[in-house]
Amino acid sequence: MMLTATAVALLCIQSLFVAAMLTGIYSLLSAALFVLLDAVDVAFTEAAVGAGITTVLFLGMLARIPSRPEQYRKLHLRVGPMLAVLITGAALIYATHDMPAFGDPKAPANVHVAPRYINDSAREVGPPNIVTSVLASYRGYDTLGEVTVIFTAGVGVLLLLGHRRRREDRDAP
Amino acid sequence: MSWLVHYNYWIVIVLMMIGLYLVMARHILPRKIIGLNVFQTSVFVLFISMGAVNDASAPILAEGITQYANPLPHVLILTAIVVGVSTTSLALALIVRINEAYGTIDEERIHQIDEED
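Here the protein sequences line up with chains A and B, keeping their order.
All residue numbers in the first sequence are consecutive under this note's numbering, ending with 174.
All residue numbers in the second sequence are consecutive under this note's numbering, ending with 119.
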């Protein structure tokens, strides 16, 4: 509920700084939700990376962008996107009637490969934390791909922002 | 209460639509990125709530526990969170760069400037 309230506040807030702070609060609340849903690993990643690093990145960006009056212009409701969003939302809610019930142990997602991980990972991999076993062993290629994405994003950010600094150095003398 | 069993999906859909609306309706670029973040987190909640099992414990093996939550969505979302932060950082760097090139972060102003040239 608080998560939804924060998201609604994000709709109405005008100042970009307040919006950035609310994004951090939103991430932290979702981390609390993940704890309630038994996903402790996801919760601390979300709290550290989602709430921490993303907020710092937003503040870094805001520091580099001069504050302008246009950022504080009144936000008005736009009919076209609102209509599209309402129709999509209604269709999605209609579709949920075919989904398995919340917390159902017999849901298709919970009977396929998960029992294998739960029953055999201690013998096959070792650590008591099943998430660690799956992340590092069974789905190690996913993690390798993740590292590739981080590397690419890091190179991209450096290319985008390092460019200006080099030009200033050249112009200075 | 049988009609309430899908409430987790409804919360996810509300969050998702708020994110979608922010992306579609706002033309200040950082607001679009915030919308993307909201959308992204709603997908995280969708996956984790699908992996949740009634009366289950966190997927850490321990004595005396028989029911664990599904660990697979947790792994996928761990990866997704980190990838999401990478894409957000790239998007924010692009905004800084756009602000240097155009002197504005308003999408409509950028289109105007493009048409004037």
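For glycine and all other residues, C-beta sits at the position ideal for the given N, C-alpha and C.
Beta carbon proximity, residue i to chain A, threshold 8 Å
i              : result
Y9 (chain B)   : yes
H76 (chain B)  : yes
G66 (chain B)  : no
F46 (chain B)  : yes
Y104 (chain B) : no
I115 (chain B) : no
I15 (chain B)  : yes
I112 (chain B) : no
L63 (chain B)  : yes
L96 (chain B)  : yes
L38 (chain B)  : no
Residues bridged to residue i (per DSSP)
i              : result
I30 (chain B)  : B:D108
S44 (chain B)  : None; S44 (chain B) has no bridge partner.
V55 (chain B)  : A:G104
N130 (chain A) : B:I62
Y70 (chain B)  : B:S59
Nearest-angstrom beta carbon gap, residue j and residue i [assumed within contact, 8 Å]
i              : j              : result
H76 (chain B)  : G105 (chain B) : That belief does not hold up - the Cβ atoms of H76 (chain B) and G105 (chain B) are roughly 44 Å apart, past 8 Å.
V84 (chain B)  : I151 (chain A) : 7 Å
P129 (chain A) : A123 (chain A) : 7 Å
Y118 (chain A) : P73 (chain B)  : 5 Å
I15 (chain B)  : L93 (chain A)  : 5 Å
V47 (chain B)  : S31 (chain A)  : 6 Å
I50 (chain B)  : V43 (chain A)  : 6 Å
T153 (chain A) : V87 (chain B)  : That belief does not hold up - the Cβ atoms of T153 (chain A) and V87 (chain B) are roughly 13 Å apart, past 8 Å.
T97 (chain A)  : H8 (chain B)   : 5 Å
A71 (chain B)  : A40 (chain A)  : 7 Å
Cutoff 8 Å: residue i Cβ touching any chain B Cβ
i              : result
T56 (chain A)  : no
V126 (chain A) : no
A115 (chain A) : yes
P51 (chain A)  : Note on identity: in this sequence residue 51 (chain A) is Gly, with Pro being the wrong assignment. G51 (chain A) counts as touching chain B.
A40 (chain A)  : yes
L161 (chain A) : yes
S138 (chain A) : no
M83 (chain A)  : yes
G25 (chain A)  : no
F18 (chain A)  : no
L34 (chain A)  : yes
Y118 (chain A) : yes
L93 (chain A)  : yes
M22 (chain A)  : no
A220 (chain A) : No statement about residue 220 (chain A) is possible, as the shown extent of chain A runs from 2 to 174 and does not include it.
A48 (chain A)  : no
Interface flag, residue i vs chain C, CB-CB below 8 Å
i              : result
Y142 (chain A) : The structure shown has no chain C; the protein chains it does contain are A and B.
Distance cut-off 7 Å: residue i Cβ against heavy atoms of the ligand SAM
i             : result
L63 (chain A) : The ligand SAM is absent from the structure shown, which contains no ligand whatsoever.
Problem - the segment 49–61 of chain A contacting the segment 56–64 of chain B, beta-carbon criterion three pairs below 8 Å - result: no
Handout entry: Given 8 Å, three or more beta-carbon pairs between the segment 81–100 of chain B and the segment 54–70 of chain A
Key = yes
Handout entry: Given 8 Å, three or more beta-carbon pairs between the segment 14–27 of chain B and the segment 36–46 of chain B
Key = yes
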